[in-house]
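Here our numbering is used: the first residue of the sequence shown is 3, the next is one more, and so on.
Ideal placement from N, C-alpha and C gives every residue a C-beta, glycine not left out.
The structure presented is a predicted model; accordingly, all values stated were derived computationally and were not measured.
One structure is given here, and the rest of the page talks about it.
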Amino acid sequence: MITARRTQQVVRLVVAAFFCFAGVAHFIQTELFVSMMPPYLPAPLALVYISGVCEILGGLGVLFRATRRWAGIGLLLLLVAVFPANIHMALHPAQFPDFSAMFLYARLPLQLVFAALVWWGTLAMSTSNPTNAG
């Protein structure tokens with residue numbers, strides 16, 4: 003039988019894998035991530051590296067009960083912080099010819115999906131039932 007707890011554990015693994023992979027990508031495809039940065043933000047290279055480290059730490063953090071809550075909060079804040087870059091990409095598709103405009107716009111609501119997965123996998127039920135944090 004598939005329980006909510008088991009589903010939540012799977013969601014945590016998916017969240018961890020996604021954010022760790024995305025974080026590592028910041029160091030492998032640095033130029034792409036720098037190009038995503040809106041021009042009004044300072045130090046784009048530093049921001050790419052910082053966000054990459056935060057994604058890796060957050061992804062790893064959701065795997066451990068002791069850090070799960072803070073990792074979830076951090077990843078939610080990170081999703082908010084990177085949203086301007088996603089908007090920038092959607093509004094300037096000509097700067098990103100490797101991606102279709104539809105894909106760039108589809109990424110915007112996907113942020114909400116990722117936020118929901120992070121919340122449910124790391125924060126949901128954690129205060130009402132601490133034994134469900136497994």
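Excluding five sequence neighbours on each side, which residues of the same chain lie with their C-beta closer than 6 angstroms to the C-beta of residue i?
i: Ala18; result: Gly61, Val64, Leu65
For residue i, count neighbouring C-beta atoms within 10 Å of its own C-beta (all shown protein chains included) and say buried if the count is 16 or more, exposed if not.
i: Leu47; result: exposed
i: Phe35; result: buried
i: Met39; result: buried
i: Arg70; result: buried
Could you tell me the distance, in whole angstroms, from the CA atom of residue i to the CA atom of residue j?
i: Gly76; j: Gly54; result: 13 angstroms
i: Met3; j: Pro111; result: 31 angstroms
i: Ile89; j: Pro41; result: 12 angstroms
i: Thr32; j: Cys56; result: 15 angstroms
i: Phe188; j: Pro99; result: The chain is shown from 3 up to 136; residue 188 falls before or after that span and cannot be answered.
Measuring alpha carbon to alpha carbon, tell me which of the options ends up nearest residue i.
i: Pro95; options: Ser37, Val120, Leu119; result: Ser37
i: Ala83; options: Phe29, Leu93, Ala117, Ala6; result: Ala117
i: Ala108; options: His28, Ala73, Met91; result: Met91
Ordered along the chain, which non-local residues of its own chain (more than five positions away) have a Cβ less than 7 angstroms from that of residue i?
i: Val13; result: Leu119, Trp122, Gly123
i: Pro132; result: Unreliable positioning characterises Pro132 in this predicted model, as indicated by a pLDDT of 47, which lies under 50. The coordinate reading is nonetheless provided below. Once the five neighbours on either side are set aside, Pro132 has no close Cβ partner at all.
In chain order, what residues of the same chain have a beta carbon less than 8 angstroms from the beta carbon of residue i, not counting five sequence neighbours either side?
i: Leu81; result: Gln113, Phe116, Ala117, Val120
i: Phe29; result: Tyr51, Gly54
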